[in-house]
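S.K.:
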Amino acid sequence: NLTRALASEWGVKGITVNSICPGYFYTDLTTDTLNSDFFQANAKTMIPLERYGKEGELDSTAIFLASPASSYVTGVMIPVDGGYTCM
Numbered sequence: 013n014l015t016r017a018l019a020s021e022w023g024v025k026g027i028t029v030n031s032i033c034p035g036y037f038y039t040d041l042t043t044d045t046l047n048s049d050f051f052q053a054n055a056k057t058m059i060p061l062e063r064y065g066k067e068g069e070l071d072s073t074a075i076f077l078a079s080p081a082s083s084y085v086t087g088v089m090i091p092v093d094g095g096y097t098c099m
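Each residue of the sequence shown is one higher than the one before, counting from 13 in this note's numbering.
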């Protein structure tokens, strides 16, 4: 995938490459849909945290990746999806 390929290629230049893979999040465009009975039932069966992401829940991942704390982290795709991808 692109994240790993670029991390491999650019690592020798000291450049880290990572990606954030968001799940379903409430936004102005998705709130009505995600609040529907169908999607609420889906959240309870498909997402271990049994809910969709809220505003601000991606921020800490982006801040971590942009900080010196992640200086040895490269080539990873971090899912921020309430556990959806582990089901």
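All residues carry an ideal CB built from backbone N, CA and C; glycine is no exception.
#1: Using the Cβ count rule (16 or more neighbours within 10 Å means buried), how would you classify Y84?
#2: Write down every uninterrupted run of the alpha helix (DSSP H) in the segment 49–76 whose length is 4 residues or greater and which is fully enclosed by it, in chain order.
#3: Work out the CA separation of G94 and K66 for me, nearest whole Å.
#4: Hey, out of S82, Y64, T73, A74, whose CA is closest to Y38's CA?
#5: Starting from the Cα of A17, find the closest Cα among G87, P91, T97, C98 and give me that residue.
M.R.: On the basis of the coordinates in this document:
#1: Here residue 84 refers to the residue found at position 72 when the sequence shown is read from its first residue. It counts as exposed.
#2: 49–58
#3: Residue mapping note: residue 66 aligns to position 54 of the sequence shown, counting from 1. Residue mapping note: residue 94 aligns to position 82 of the sequence shown, counting from 1. Computed Cα separation, rounded: 11 angstroms.
#4: Translated into the one-based positions of the sequence shown, residue 38 becomes position 26. For the residues S82, Y64, T73, A74, the minimum Cα distance to Y38 belongs to Y64.
#5: Start at 1 with the first residue of the sequence shown, and residue 17 comes out as number 5. Looking at the Cα atoms, G87 is the closest of the given residues.
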